[in-house]
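Comments concern the structure below.
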Amino acid sequence: MPHLHIKEFKEIKLPHIENEVCFNFIASNTNHKDEKLISTSYDGEDFFLLVKQEDGRSLLKTDKLTRPASIYNVHRALLAYAKAAELDVIASNVPETKKNVHLQEATALKKIEYFAKEFPKDREIRIEVGFGSGRHLLHQAANNPDVLFIGIEIHRPSIEQVLKQIVIQKLENVMLLDYDARLFMELIPSNLVGAIYVHFPVPWDKKPHRRVISTNFIKEARRVLKVGGTLELRTDSENYYAYSYETFIAFPKISLQINKNRDIAVSSKYEDRWKKMEKNIYDVIMTNDEESPKLEIEGDFLFPSKINLSYQELLQLHNKTVRFDGGFIHFERIYELEDGVMLRISMGSFDRPEHLYLIVNEKELKYYPELPLRSPINLKAHQELMKVIDG
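So the sequence shown is numbered by the numbering used here: it starts at 15 and just counts up by one.
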């Protein structure tokens, strides 16, 4: 992760613009005085820089929850703050290079709001979850120009590498998204998708709740797939294969095809590696046989103009957990602002929660830097959140 080790952190008067990067406000952790967040805006993205003091010096990096998809934007922000505050940099892994020429032309990377506002429906859609090096995604897109491919990945270097290839290969039918695929599925309209590829997902043997394949994921896949559409799992892990098969077969009615060591048109670098090691490759392919009801989501993320909790009562929310049917809200951290409080919360379902910030002051009450995904469970969590902050 890009970072700067600095001799001493210095605050600057905010808001401040440096080299087109805007620094908006600073939030200080009320329970850990050695941690601060700097609200940052650049190139249409809003995120936090994180300051932590450790071993007599400070570390300046990007906040994990809000970090932008573009690594270049992180680099630009870190260097801009260091310049504005005249920081004494001890060590750095942040290059002072210009943005890659291909990345300057790239438009395929979308934010979740793009899909939430109006999901593309003008052609068949296929989705790849965790595209990695992008070999399979790029091959499919090049050979199916009339199909829109949506690639989902959270590894930033992989995203930027595939963005470059999309520009180089002049592909106009690929969109990329840096987001949790399990949450993304919940906003896709029903009966729209032709295929979902989950190739070589992380097995998560020690944290099975983080696996992509789950009962809920399969339910959502059946809903979004058109009749005849497929969900294709490909894995080298016997444990993951066995777990996934049991999860699929637990449904009362399902159509499955099982393959072992099946050759496909293009293989990933991981698959090439596994084959050299003579590991078995397993496929579990589910075909959707039924049309699903139209997706209906009602509700909003509006807040009341005022809350009844005092400043001290807001501080006491730290580490509080509220459980409700199907989900929860957890108040992870409390930050002090110049004119109010900012809460870091996780909310939604237990196996795929959202992590975000909530700003509370006399003028406004809002999620930051963006709204939660508009899903039924998040809307329910929002209603429970309003009960808490309304006292």
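All C-beta atoms in this analysis are idealised placements derived from N, C-alpha and C, irrespective of residue type, glycine included.
Note that the structure is predicted; figures quoted are calculated from it, not measured.
C-alpha gap between residue i and residue j, whole angstroms
{"i": "Ala-8", "j": "Tyr-211", "result": "The requested residue 8 does not occur in the structure, where the chain is confined to residues 15 to 405."}
{"i": "Glu-285", "j": "Arg-248", "result": "10 Å"}
{"i": "Ser-147", "j": "Glu-167", "result": "10 Å"}
{"i": "Tyr-255", "j": "Asn-275", "result": "13 Å"}
{"i": "Asp-57", "j": "Leu-399", "result": "31 Å"}
{"i": "Glu-174", "j": "Glu-119", "result": "12 Å"}
{"i": "Glu-34", "j": "Ala-155", "result": "35 Å"}
{"i": "Gly-340", "j": "His-169", "result": "29 Å"}
{"i": "Ala-395", "j": "Phe-231", "result": "20 Å"}
{"i": "Asp-314", "j": "Val-88", "result": "31 Å"}
{"i": "Ala-105", "j": "Thr-76", "result": "16 Å"}
{"i": "Ala-91", "j": "Leu-177", "result": "21 Å"}
{"i": "Gln-271", "j": "Ile-202", "result": "25 Å"}
{"i": "Thr-335", "j": "Asp-404", "result": "16 Å"}
{"i": "Trp-288", "j": "Tyr-259", "result": "21 Å"}
{"i": "Asp-48", "j": "Ile-391", "result": "34 Å"}
Given residue i as reference, the closest of the options once Cα atoms are compared
{"i": "Arg-236", "options": "Lys-221, Phe-62, Ser-204 and Ile-348", "result": "Ser-204"}
{"i": "Ile-85", "options": "Pro-171, Arg-140 and Asp-314", "result": "Pro-171"}
{"i": "Phe-264", "options": "Ser-228, Asp-136, Asp-297 and His-169", "result": "Per the sequence presented here, residue 264 reads as Ala, with Phe not at that position. Per the Cα distances, Ser-228."}
{"i": "Gln-397", "options": "Glu-312, Lys-75 and Lys-233", "result": "Glu-312"}
{"i": "Lys-135", "options": "Ile-104, Lys-240 and Phe-231", "result": "Lys-240"}
{"i": "Pro-367", "options": "Asn-157, Asp-353 and Ile-343", "result": "Ile-343"}
{"i": "Ser-55", "options": "His-19, Ile-278 and Thr-80", "result": "Thr-80"}
{"i": "Phe-338", "options": "Asp-353, Asp-314 and Ser-363", "result": "Ser-363"}
{"i": "Lys-66", "options": "Asp-57, Glu-22 and Pro-266", "result": "Glu-22"}
{"i": "Phe-61", "options": "Ala-83, Arg-71 and Thr-44", "result": "Ala-83"}
{"i": "Val-402", "options": "Gly-354, Glu-327, Leu-387 and Asp-297", "result": "Glu-327"}
{"i": "Gln-183", "options": "Leu-331, Ile-202, Leu-152 and Trp-288", "result": "Leu-152"}
{"i": "Trp-218", "options": "Asp-250, Ile-52, Ala-91 and Leu-387", "result": "Asp-250"}
{"i": "Lys-50", "options": "Asn-392, His-223 and Glu-352", "result": "Glu-352"}
{"i": "Ser-389", "options": "Tyr-259, Ala-99, Asn-157 and Ile-126", "result": "Ile-126"}
{"i": "Lys-221", "options": "Glu-384, Val-108, Phe-129 and Asp-365", "result": "Asp-365"}
Neighbourhood of residue i by C-beta distance below 6 Å, restricted to the same chain and skipping five residues each side
{"i": "Met-356", "result": "Ala-41, Tyr-349, Tyr-371 and Ile-373"}
{"i": "Ile-180", "result": "Ala-122 and Val-188"}
{"i": "Pro-318", "result": "none"}
{"i": "Leu-185", "result": "Ala-155"}
Nonlocal neighbours in the same chain, by C-beta distance under 7 Å from residue i, ignoring five residues either side
{"i": "Ile-268", "result": "Phe-262 and Met-300"}
{"i": "Glu-346", "result": "Arg-358, Ile-359 and Ser-360"}
Three or more C-beta pairs below 8 Å linking the segment 369 to 387 and the segment 281 to 296: Look at the beta carbons and you see the segment 369 to 387 not touching the segment 281 to 296: under three pairs across the two are nearer than 8 Å.
Meets three-Cβ-pair contact criterion under 8 Å: the segment 188 to 204 and the segment 136 to 156: Yes, since at least three Cβ pairs between the segment 188 to 204 and the segment 136 to 156 fall closer than 8 Å, the two stretches touch.
At least 3 beta-carbon pairs within less than 8 Å: the segment 301 to 320 vs the segment 276 to 284: no
Every unbroken alpha helix (DSSP H) within the segment 94 to 165, with a cutoff of 4 residues, ordered by chain: 115 to 119, 126 to 131 and 149 to 157
Every unbroken beta strand (DSSP E) within the segment 370 to 396, with a cutoff of 3 residues, ordered by chain: 379 to 382
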